[in-house]
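When the letters of the sequence shown are read in order and numbered with the working numbering, they come out as residues 4 to 148.
One structure is given here, and the rest of the page talks about it.
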Amino acid sequence: MDVGLVAGTPALQKPPEEDEKAVILLDTNAVIWLHDRHPRAAALERDGRPLYVSPATLLELQVLTESGRLSLRRGARPQQLLGDDRWAQDDPAAAAWFEAALDIGWTRDVFDRLLVAHARFRRWRLATADALILEHLAAHEILEL
4 MDVGLVAGTP ALQKPPEEDE KAVILLDTNA VIWLHDRHPR AAALERDGRP
54 LYVSPATLLE LQVLTESGRL SLRRGARPQQ LLGDDRWAQD DPAAAAWFEA
104 ALDIGWTRDV FDRLLVAHAR FRRWRLATAD ALILEHLAAH EILEL
């Protein structure tokens, strides 16, 4: 996929399927809740919107698991979550995606920064319950869980 950099600013991508249905990028908490079939994520399954997971989420899940802060249900490993039929993994162009993350200075959480940048880069809504993210994103950028 051509990223197209203009004057040092990444060109935002708009995938074809977004025209038909709003596309949702799942924050890490949304992935965990969907995996655990938590009631707060039920609306995501009912909506029928395309759901995507960021590579940053996979890394965050791995870090949380390795640090003992997270234990996935049924002994699943983070890589196994990629095989879930409810979502697909997106693969944005890293240079443009990370450049978009440079403009997000309101958090020191690298994973939040990368997830917000990913959603903005694709012009997708971010499904999250993270209070700090909800405080800093516009209503059209989020799907609050």
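Glycine included, each C-beta is placed from N, C-alpha and C at the ideal position.
Which of helix, strand or coil DSSP assigns to residue i
i      : result
THR110 : coil
LEU146 : strand
VAL3   : Outside the shown range of the chain (4 to 148) lies residue 3, about which nothing can therefore be said.
LEU129 : strand
ALA96  : coil
ALA134 : helix
ALA103 : helix
Integer-rounded CB distance, given that residue j should sit under 8 Å from residue i
i      : j      : result
VAL56  : TRP90  : 5 Å
ALA130 : ALA25  : That belief does not hold up - the Cβ atoms of ALA130 and ALA25 are roughly 11 Å apart, past 8 Å.
GLU144 : ARG128 : 6 Å
HIS121 : LEU75  : Actually they do not touch by this definition, with Cβ atoms about 22 Å apart.
PRO58  : GLN83  : Going by Cβ atoms, the distance from PRO58 to GLN83 rounds to 15 Å, so no, they are not a contact pair.
Spatial neighbours of residue i in its chain, beta-carbon cut-off 8 Å, leaving aside the 5 residues before and after
i      : result
ASP133 : ASP30, ASN32, ASP115
THR68  : SER74, LEU75, ARG80, PRO81
Contact set for residue i: own chain, Cβ-Cβ below 6 Å, skip 5 residues either direction
i      : result
TRP36  : ARG43, ALA44
VAL119 : ILE107
ALA142 : none
Inter-stretch contact at 8 Å, needing at least 3 Cβ pairs: the segment 70 to 79 / the segment 41 to 48:
no
Three or more beta-carbon pairs under 8 Å between the segment 87 to 104 and the segment 62 to 69, yes or no?
Under the Cβ criterion (8 Å, minimum of three pairs), the segment 87 to 104 does not count as touching the segment 62 to 69.
Complete runs of the beta strand (DSSP E) confined to the segment 30 to 84 [at least 3 residues]
54 to 56
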